[in-house]
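In what follows, a single structure is set out as structure tokens and then discussed.
Residue numbers (the numbering used here): 5 to 134.
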């Protein structure tokens, strides 16, 4: 059974840590509405940090690479919460996580877990990924 988490108005760090813990327990997880996930803090600073990350590319285009796609930004944040995502249980947990920018047809009718919170200063991932 797949746990479906609605990313609408969920704080990115809290969402990532929750999903990482559940995946390490062996749960399969699907995150929908990744475009609606929020990052708290000063909007200008967040945008500058993401632009700086994207402009940093090593010699021969080997890395580090930071995606512009909203669902991949969320997935990368989750990857950072997992222990050693390249081997062992971290890799197994990372394979159990699926992220979607909107709600796919297969998950429209199913029940979703909401991780909402009230924040004043934030930016949506949709605004960063443009």
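The beta carbon of each residue, even a glycine, is placed where N, CA and C say it ideally should be.
Straight-line Cα distance separating residue j from residue i
| i | j | result |
| --- | --- | --- |
| residue 61 | residue 76 | 18 Å |
| residue 7 | residue 110 | 13 Å |
| residue 16 | residue 90 | 22 Å |
| residue 33 | residue 48 | 32 Å |
| residue 105 | residue 74 | 6 Å |
| residue 107 | residue 92 | 30 Å |
| residue 114 | residue 54 | 33 Å |
| residue 88 | residue 94 | 5 Å |
| residue 59 | residue 134 | 15 Å |
Where residue i falls: helix, strand or coil (DSSP)
| i | result |
| --- | --- |
| residue 95 | helix |
| residue 23 | helix |
| residue 131 | helix |
| residue 112 | coil |
| residue 51 | helix |
| residue 102 | strand |
| residue 78 | helix |
| residue 59 | helix |
| residue 66 | coil |
Member of the options whose CA lies at the smallest distance from the CA of residue i
| i | options | result |
| --- | --- | --- |
| residue 71 | 129, 9, 12 and 5 | 129 |
| residue 36 | 125, 102 and 122 | 102 |
| residue 2 | 19, 18, 23 and 28 | Residue 2 lies beyond the stretch modelled for the chain, which goes from 5 to 134, so this question has no answer here. |
| residue 41 | 50, 112 and 10 | 10 |
| residue 5 | 86, 67 and 116 | 116 |
| residue 22 | 134, 79, 127 and 125 | 79 |
Rounded distance between the beta-carbons of residue j and residue i, thought under 8 Å
| i | j | result |
| --- | --- | --- |
| residue 123 | residue 44 | 5 Å |
| residue 120 | residue 14 | 7 Å |
| residue 132 | residue 82 | Their Cβ separation, rounded to whole angstroms, is 16 Å, which puts residue 132 and residue 82 out of contact at 8 Å. |
Residue i - partner residues in DSSP beta bridges
| i | result |
| --- | --- |
| residue 42 | 15 and 128 |
| residue 117 | 9 |
| residue 32 | 6 |
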